[in-house]
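Residue numbers (my numbering), protein chains in the order written: chain X, 43 to 219; chain P, 12 to 356.
Where a beta carbon is used, it is the ideal one built from N, C-alpha and C, also for glycine.
Only a predicted model underlies this, so the values are computations on that prediction, with no experimental measurement involved.
Before any comments, here is the structure.
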Amino acid sequence: MSETILFYLLAGVAVVASALVIGQRNPMYSIMLLIASFGALSGLYIQLDAPFVAMAQVIVYAGAIMVLFLFVVMLLNAPQEDGAEWDRAHPLRRPGIGRFGALLAGLLIVQLVWALTRVNDVGGAIGARGDAAAISSVRAVGRVLFTDYVFAFEATSILILVAMVGAVLLAAREGSR
Amino acid sequence: MDQATLRFAIQLAIIGFTFFMLINASALLVLAERKIMGFMQQRYGPYLVGPHGLLQPLADILKLLFKEELRPKDADRWLFTLAPIISVTAAFAAFAAVPWGAETTFFGLLDTPVKLGVADVNVAVLVVFAITSMGVYGIVLAGWSSNSKYSLLGGLRSSAQMISYELAYATTLASVIMLAGSLSLREVVDAQSGYWLGFIPRWYLFLQPVGFIIYVIAGVAETNRAPFDFPEAEQELVAGYNTEYSSVRFALFPQAEYINMTTMSAVATDLYLGGWHGPLLERFGLGWVWFLIKVGIILFTYIWVRWTVPRYRYDQLMQFGWKWLFPAAVINLIVTAAFVLYFNV
Numbered sequence: 043m044s045e046t047i048l049f050y051l052l053a054g055v056a057v058v059a060s061a062l063v064i065g066q067r068n069p070m071y072s073i074m075l076l077i078a079s080f081g082a083l084s085g086l087y088i089q090l091d092a093p094f095v096a097m098a099q100v101i102v103y104a105g106a107i108m109v110l111f112l113f114v115v116m117l118l119n120a121p122q123e124d125g126a127e128w129d130r131a132h133p134l135r136r137p138g139i140g141r142f143g144a145l146l147a148g149l150l151i152v153q154l155v156w157a158l159t160r161v162n163d164v165g166g167a168i169g170a171r172g173d174a175a176a177i178s179s180v181r182a183v184g185r186v187l188f189t190d191y192v193f194a195f196e197a198t199s200i201l202i203l204v205a206m207v208g209a210v211l212l213a214a215r216e217g218s219r
Numbered sequence: 012m013d014q015a016t017l018r019f020a021i022q023l024a025i026i027g028f029t030f031f032m033l034i035n036a037s038a039l040l041v042l043a044e045r046k047i048m049g050f051m052q053q054r055y056g057p058y059l060v061g062p063h064g065l066l067q068p069l070a071d072i073l074k075l076l077f078k079e080e081l082r083p084k085d086a087d088r089w090l091f092t093l094a095p096i097i098s099v100t101a102a103f104a105a106f107a108a109v110p111w112g113a114e115t116t117f118f119g120l121l122d123t124p125v126k127l128g129v130a131d132v133n134v135a136v137l138v139v140f141a142i143t144s145m146g147v148y149g150i151v152l153a154g155w156s157s158n159s160k161y162s163l164l165g166g167l168r169s170s171a172q173m174i175s176y177e178l179a180y181a182t183t184l185a186s187v188i189m190l191a192g193s194l195s196l197r198e199v200v201d202a203q204s205g206y207w208l209g210f211i212p213r214w215y216l217f218l219q220p221v222g223f224i225i226y227v228i229a230g231v232a233e234t235n236r237a238p239f240d241f242p243e244a245e246q247e248l249v250a251g252y253n254t255e256y257s258s259v260r261f262a263l264f265p266q267a268e269y270i271n272m273t274t275m276s277a278v279a280t281d282l283y284l285g286g287w288h289g290p291l292l293e294r295f296g297l298g299w300v301w302f303l304i305k306v307g308i309i310l311f312t313y314i315w316v317r318w319t320v321p322r323y324r325y326d327q328l329m330q331f332g333w334k335w336l337f338p339a340a341v342i343n344l345i346v347t348a349a350f351v352l353y354f355n356v
């Protein structure tokens, strides 16, 4: 019973905070709400018996990535989005772009509905395996990461490395000349 | 009272006791800092309130409580209030995953032993790391929301510093985790019980001397203590991120800092100094006294370093963190991994 209440509390915080993220004029508030949403998500992971994933979520997303976001917003001195910028002439206000956005939103809703109708099947599949401890253990995650998914894992790391080298190159070029 | 109720009551008492000790630790550290500083500068330090100035922290707290609370006109109302709360909450919450004593039945009071510590989490190392990394938001938000250039610079510095030193910090943690083969702080401590050759305690300090040094340096930087106290470098930034704060809101920042120091020292004790294991006292179920002694020694070192070493320059801090400390931590990790693989520990 208390677990159900906790689930709805955490899920509610996650959904409301995520919705509020896009409704803020001040990017600083958006970041704080996103952190709240990540925190609630990590609570949900703990409820799913995956403490390692929960902590990784907090460390990587809420901890590291959002601090960088905050850093960038602070360096740009958090420009307030004012209404004047969003007049008719703004390129994002052209009707073609609006239609494309509506199409994407519609697709997302279809996807969500499709996923939600299948939830029961998926839940059954995971429940049938029935070893939550095996899923959650750090050892199991590590083993799978370096055997079954090693290619994806290494490819991702190279991708991130490329992005880092690119960033350093851009920064260095500007600095040296 | 039946066993279940008794157990619940005792666990509540342990949580309350931990909270009480943490609050007192922050008050005591304020006094200890000023006393040790006085000693090192050949003067008495606070001496007037109570015997030998022992009640000075109480006087400090009362003074801060009764001061007027100010908020700059152009400060961001919500974030300005939220910042100190985040700081102090993260500081307290991080300690929840730190075990500070062995299992005990309280002299036969309970039939199954209870673990000393707020929560026994099987990923305790990660929990402490995750929650302490949340603490940086308090400082960054305080800096930004004050709408003052000194505060903003302090906040920026602290976020850059914490990101840089978190890497080295996490990498050294990984070395210890590999040796112990567990993410649970309690299991790490238990892996360090007993002696080599009958007299050298099996502490990871002796297997990981480099790791311990890196941990302590990164810990000092993470808690924004001298010689890495750039976020509040008073000669350049007035008081850094807390320039615009006053009264209780101001008091929460140093309190969070002192509690973070305590957590860092407690985790260092659990990871490297064998936690509550030690000769003699353990036999009477007083292992936690050893824990307190070890934490006390590390805290003293913290203060000692602050009043001995002058502050670095900011670029030196970044150079040191990225070019020396982090590579050293990575090499330490690789050597440890090879060691673990080769000797099959």
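- Linking P/W318 to P/G27 through their CA atoms gives a straight-line distance of about 33 Å.
- For X/A56, the enclosing alpha helix (DSSP H) has its first and last residue at 44-63.
- Counting along the chain, P/P110 sits inside the beta strand (DSSP E) bounded by residues 110-115.
- With at least 16 other beta carbons inside 10 angstroms of its own, X/M70 counts as buried.
- The beta carbon of P/N271 is closer than 8 Å to those of A102, A105, T143, G146, E233, T234 in its chain, skipping five residues each way along the sequence.
- Three or more Cβ pairs closer than 8 Å define a contact, and the region 146-155 of chain P falls short of that threshold against the region 193-209 of chain P.
- Chain X places a beta carbon closer than 8 Å to that of P/G166, counting this residue as a contact.
- Apart from the 5 residues on each side of it in sequence, P/F302 sits with its Cβ closer than 7 Å to the Cβ of W111, G112, T280, G286, W287 in its chain, given in chain order.
- P/E80 is positioned such that its CB atom lies closer than 8 Å to that of P/R260.
- Closer than 8 Å to the CB of X/P69 there is not a single CB belonging to chain P.
- Per DSSP, reduced to three states, the secondary structure at P/Y313 is helical.
- Cα atoms of P/L167 and P/T254: separation of roughly 14 Å, rounded to the nearest angstrom.
- Here X/M206 is exposed, its C-beta having fewer than 16 other C-beta atoms within 10 Å.
- When 7 Å is used as the limit between beta carbons, X/F188 is near no residue of chain P, the shortest such separation being about 13 Å.
- Beta-bridge pairing by DSSP links P/Y252 to no other residue.
- With respect to the 8 Å criterion, P/Q67 and P/L42 are classified as neighbours on the basis of their beta carbons.
- The beta carbon of P/D122 sits closer than 7 Å to those of Q14, all from its chain and outside the five residues before and after it, given in chain order.
- Annotation: Cβ neighbours of X/L112 in chain P (cutoff 7 Å, chain order): V151, S170.
- By a beta-carbon distance limit of 8 Å, P/V139 contacts P/V278. Their separation comes to about 6 Å.
- Residue contact with chain X for P/V147: present (Cβ-Cβ distance below 8 Å to some residue of chain X).
- Bounds of the alpha helix (DSSP H) holding P/V99 are 88-106.
- The beta-bridge partner set that DSSP reports for P/G128 consists of P/P110.
- Of all residues in the region 83-113 of chain X, the ones placed with a Cβ closer than 9 Å to any Cβ belonging to chain P are S84, P93, F94, A96, M97, A98, Q99, V100, I101, A104, G105, A106, M108, V109, L110, L112, F113, in chain order.
- According to DSSP, P/Y206 shares a beta bridge with P/P212.
- P/Y180 is not a Cβ neighbour of P/F241, given a cutoff of 8 Å.
- Collapsing the DSSP output to three states places P/G61 in coil.
- Where X/D91 is concerned, there is no enclosing alpha helix (DSSP H), because DSSP gives it neither an H nor an E.
- Between the region 167-177 of chain P and the region 89-99 of chain P there are fewer than three inter-stretch CB-CB distances shorter than 8 Å, so the stretches are not counted as touching.
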